[in-house]
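Trainee: Below you will find the structure I want to go over with you.
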Amino acid sequence: MAHDATPQPATARRSPPLSGTARVPGDKSISHRSFMFGGLASGETRITGLLEGEDVMRTGQAMKAMGAHVEKHGNEWVIRGTGNGALLQPEAPLDFGNAGTGSRLTMGLVGTYDMETTFIGDASLSSRPMGRVLEPLRQMGVQVLQAAPGDRMPITLRGPKHAAPITYRVPMASAQVKSAVLLAGLNTPGITTVIEPVMTRDHTEKMLKGFGANLSVETDERGVRHIFIEGQGKLTGQIIAVPGDPSSAGFPLVAALIVPGSDITIENVLMNPTRTGLLLTLQEMGGRIDILNPRNAGGEDVADLRVRYSELKGVTVPAERAPSMIDEYPVLAVAAAFAEGETVMQGLEELRVKESDRLAAVANGLKLNGVDCTEGEASLTVRGVPGGKGLGGEAKGEAVRTHLDHRIAMSFLILGLATEKPVTVDDRAMIATSFPEFMGLMARLGAEID
Ligand code: S3P
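Following our numbering, the numbering of the sequence shown begins with 20 at its first residue and continues without gaps.
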């Protein structure tokens, strides 16, 4: 679906107490990887709980274009992969829409193939830096035949006859870059090594091992991870149950914390420790979040979360926590807008290269709605107003600019559930990239958004 169509604004209003039980869609990171690894492995992969958002569907289409069979039978996605090393050259450019993860991981996956692949995307994706992935790929022998200035899309890659294994130290905290190099290593003879100074989400490592890759991780005394992958091994199809996305859960969760009288339960949320920074931070702020029925499902920790309205207090969120909550800062800033005192968020440099410059987008949206905040180079400080009196944007009649960013749209719609005046965002369309059920799910809990 193209998003250059007419924008669809949406408005959130101060709502009665939220109540009920909800299930958020499957984790986006695991869903992308399920399609990719299933499409590559020999034999059949069966996936339940997959996020059927636009971003993930693009990855499914890309794997199809390279020879995988991808079908839906009832609730289950059934993939028959090509076998490792056997992807085919796609006949047309791979269009990744808005999806950074899908495009960057696929560049790694196919970059080392002796074929030409072209990557295109929407205006947001075409403005995002791809050099962070192209840099290590070039070292492995991949030629970049075409790229827009600054290593941006459209990008055409041509792999070498035989890729060279490398040892690559990831220069920024990025699971996408780590994963792209590991996936390039799958089609490279010998051992490819990724050195990860700051741990990021580890779904690629866990899932590749599950598919049978010869992958090992050693963590040295300084906490630096060394990840080794042996190329050209066999991958075998798996059965995958995708747990609920903690990043999507963040929206109803913060909504319940800020709307007085709320009491909701969000079921089956992924609790992988590389993803739980938001929970920890909200608990430190005084959020009443009970972690119920902790269990293991298909190799991942999951739990149900009971969330009740809470009187929040500002905290300082340390920079080291950023990788475990990188996508959650916009909604944390919304919680902070209702907290007593100041919330200081540090180590946010990566927010500038997400689907939008999220640091600027959040600060501008908050200011537009009367929230006092300061945007630093890589930090954000929010001074909250418990009860939300005077907040909201009705008087100015201006909408929050979402810049083709799903999480900016959802975060500001959550803000409007507890501000005195309504909050309007300029476009809701991008929400479908990661959380197509957002409007319906929030309405069922009692939120007033239209
Ligand atoms: C993701 C990694 C993160 C995150 C993105 C999903 C992944 O990006 O923001 O939504 O699935 O690997 P970076 O690697 O750029 O931090």
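Note that CB positions come from ideal geometry on N, CA and C, so glycine has one too.
Here the structure is a predicted model, which means the values were calculated and not measured.
Tell me, please, which residues DSSP counts as bridged to residue 45.
Mentor: Paired residues: 263.
Trainee: Leaving out the 5 sequence neighbours to the left and right, which residues in its chain are closer than 7 angstroms to residue 423 when beta-carbon positions are compared?
Mentor: Hits under 7 angstroms: 22, 117, 141, 142, 143, 374, 375 and 449.
Trainee: Which residues bound the alpha helix (DSSP H) around residue 472?
Mentor: In the structure displayed, the chain extends from 20 to 469; residue 472 sits before or after that span and is not available.
Trainee: Among 368, 349 and 367, which one has its Cα closest to the Cα of residue 429?
Mentor: Nearest C-alpha to residue 429: 349.
Trainee: If distances are taken between C-alpha atoms only, which option among 147, 325, 284 and 219 comes closest to residue 294?
Mentor: Selected option, being the one with the closest Cα: 219.
Trainee: Measuring alpha carbon to alpha carbon, tell me which of 146, 249 and 223 ends up nearest residue 54.
Mentor: It is 223 whose Cα lies nearest to the Cα of residue 54.
Trainee: Can you say whether residue 20 is buried or exposed, counting buried as having 16 or more other CB atoms within 10 angstroms of its CB?
Mentor: With a pLDDT of only 43 at residue 20, under the threshold of 50, the placement of this residue in the model should not be trusted, and no figure is reported.
Trainee: Can you find the residues in the same chain that come closer than 6 angstroms, C-beta to C-beta, to residue 388, ignoring five residues on each side of it along the sequence?
Mentor: Answer for residue 388: 410, 411, 412 and 442, listed in chain order.
Trainee: Can you give me the Cβ contacts of residue 24 inside the same chain, cut-off strictly under 8 angstroms, excluding the 5 residues immediately before and after it?
Mentor: Hits under 8 angstroms: 448.
Trainee: Any chance you could list the alpha helix (DSSP H) runs of at least 4 consecutive residues sitting entirely within the segment 100-174, in chain order?
Mentor: List check, alpha helix (DSSP H) in window: 119-130, 142-145 and 150-158.
Trainee: Using the three-state DSSP reduction, which class does residue 322 fall into: helix, strand or coil?
Mentor: Strand at residue 322.
Trainee: So, with DSSP's three-state summary, where would you put residue 291?
Mentor: It is coil, neither helix nor strand.
Trainee: Report yes if the C-beta of residue 267 is less than 6 angstroms from at least one heavy atom of the ligand S3P; otherwise report no.
Mentor: The answer is no for residue 267.
Trainee: Residue 544 lies in the beta strand (DSSP E); which residues open and close that run?
Mentor: Residue 544 cannot be examined here, being either before or after the span of the chain that is shown, 20 to 469.
Trainee: Does the contact criterion of 3 or more C-beta pairs under 8 angstroms hold for the segment 390-403 versus the segment 355-372?
Mentor: A contact exists between the segment 390-403 and the segment 355-372.
Trainee: Quick check on this structure: which residue in 225, 217, 255 and 232 has the alpha carbon closest to the alpha carbon of residue 238?
Mentor: For the residues 225, 217, 255 and 232, the minimum Cα distance to residue 238 belongs to 217.
Trainee: One question on the structure: do residue 42 and residue 291 come within less than 7 angstroms of each other, judged by their Cβ atoms?
Mentor: No, they are not a contact pair.
Trainee: Does DSSP put residue 239 in a helix, a strand or coil?
Mentor: Three-state result, residue 239: coil.
Trainee: Please list the terminal residues of the continuous alpha helix (DSSP H) segment that includes residue 349.
Mentor: 348-355 is the extent of the alpha helix (DSSP H) around residue 349.
Trainee: For residue 257, report the span of its alpha helix (DSSP H) as first-last.
Mentor: Premise fails: residue 257 is in no alpha helix (DSSP H) and is neither H nor E.
Trainee: Would the segment 249-269 count as touching the segment 93-104 if we require 3 or more Cβ pairs under 8 angstroms?
Mentor: Yes, they touch.
Trainee: Once the 5 residues before and after residue 339 are set aside, which same chain residues still bring their CB inside 8 angstroms of it?
Mentor: Here the set comprises 217 and 366.
Trainee: For residue 315, which residues does DSSP report across the bridge?
Mentor: DSSP output for residue 315 lists 320 as bridge partner(s).
Trainee: Under 8 angstroms by Cβ, that's how I've got residue 38 and residue 465 pegged, so tell me the actual separation to the nearest angstrom.
Mentor: Contact holds; Cβ gap of about 6 angstroms.
Trainee: Identify every residue that forms a DSSP beta bridge with residue 234.
Mentor: For residue 234, which the question treats as bridged, DSSP gives the partners 248.
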